[in-house]
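First the structure, in the form of C-alpha cells, and then the observations on it.
Protein chains in written order, with the numbering used here: chain A, 45 to 186; chain B, 45 to 186.
Given below as C-alpha cells:
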C-alpha cells in the first residue's frame, strides 16, 4: 500500500493510535476541557434550542471569552456546531449542535455523567492511595 | 447551605460546570490526549490482560516516556488503573484497568470509535466550510 492509499484508507476510518491521523485533532477539539463542557451545555438546552454566546459563557463556570470563541470555532469547523448571526440591535450570535454534533454530544455527555456520578468512588480511591503513600511514623521519629 | 454542606453535596455527585469541583481534574485526566488513547489501548487488551510500560508506549503512536508515566500516574491516583511491579530481571511494571477504569474506559472507547468512524463526515464538513470561507475570485482580480 503506498502513502496515498494509506491516507485514503485512513479517511474511511480514522486511526487515533496513529500520530499523523487527522482524527487526533477532532479528539482534541471534543475532549478539550472547554469542548466537553460546551457540548454538555448545548446537549442540555431544552428542545434543541440555540444558545447565545453570553448564555454559553454564563453556563460554563470559569471559561474566558477567548477560550469560548476558540472552542466554538473548532466545533464549527468540524461540522458539529451551527453558528447563526441574528439581525438584532445589538447583534447577537447563537449556536446549536448539528445532527453530527448531537451524535458526539451524546457520547461526551455519557462520559461527563459517569464522572459526576462516580466522584464518590474516585475520591475514595484517591484518599486510600494518599493514605498508603503517606510516610510511616518511623521516618518522623528518626 | 454553607460552604462545607455545598462541598459534601458536590462529593455525592460532581458538578463539572462548577470551576472548583474536583470532577474537573478527573475529566482532565481521562480526556487528555494521552489519557483517551491509553484507555483505548488498555480496553483493547485481550481478556483484560495487563500491559507492560513498553507495550503501552509502542501501541500509542507519538507518546513520550514522560507523558506516558504522567498519564499512568493520573489514572492510577483516580483509582482507574492498577500498577504491578514484576519480580523479573530486569524488573518490569505492568498495568491493567480496575473495575472503575473499565467503566470509564467503555465510555471513552465509545467516543473514540465514534470519532474514527465519523471522520469521513467530519472531513467533508471541513472541506465545505473551507470552500465557503475561500476568498472570492473578485478579490484576486482587484
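Positions of the beta carbon are idealized from the N, C-alpha and C atoms, including for glycine.
Since the model is a prediction, treat every value here as computed from it, not as a measurement.
Taking the alpha-carbon of residue i as reference, which of the options has the nearest alpha-carbon?
i	options	result
residue 126(A)	155(A), 115(A), 75(A), 107(A)	115(A)
residue 66(A)	97(B), 165(B), 131(B)	165(B)
residue 150(B)	108(A), 81(A), 82(A), 158(A)	158(A)
residue 79(A)	113(A), 102(A), 63(A), 160(A)	113(A)
residue 136(B)	104(B), 71(B), 99(B), 74(B)	99(B)
residue 124(A)	58(A), 170(A), 146(A), 175(A)	146(A)
residue 57(A)	172(B), 133(B), 161(B), 171(B)	161(B)
residue 64(A)	177(B), 104(B), 64(B)	104(B)
Looking only at its own chain, which residues have a Cβ that is under 8 Å from the Cβ of residue i, when we skip the five neighbours before and after it?
i	result
residue 76(B)	115, 118
residue 71(B)	60
CB-CB under 7 Å to residue i, same chain, minus the five flanking residues each way: which ones, in chain order?
i	result
residue 68(A)	60
residue 73(B)	79, 118, 119, 122
residue 175(B)	none
residue 101(B)	107, 109, 112
residue 167(A)	none
residue 185(A)	Model confidence at residue 185(A) stands at a pLDDT of 39, short of 50, so the residue's coordinates are unreliable; what they give is reported in the following sentence. Nothing meets the Cβ criterion.
Residues in its own chain within less than 6 Å of residue i by CB, not counting five upstream and five downstream?
i	result
residue 140(B)	94, 126
residue 21(B)	The structure shown does not extend to residue 21(B), since chain B is modelled only from 45 through 186, so no value can be given for it.
residue 96(A)	136, 138
residue 81(A)	104
residue 62(B)	none
residue 128(A)	138
residue 130(A)	136
For the putative contact between residue i and residue j, defined by C-beta atoms under 8 Å, what is the C-beta separation to the nearest angstrom?
i	j	result
residue 84(B)	residue 143(B)	With 8 Å as the limit, residue 84(B) and residue 143(B) do not qualify as a contact, their Cβ atoms being about 18 Å apart.
Under a CB-based cut-off of 8 Å, is residue i close to chain C?
i	result
residue 133(A)	This model lacks chain C altogether; the protein chains it does include are A and B.
- At 3 residues or longer, and completely inside the segment 69 to 148 of chain A: list those beta strand (DSSP E) runs for me, N to C. 125 to 130, 136 to 141
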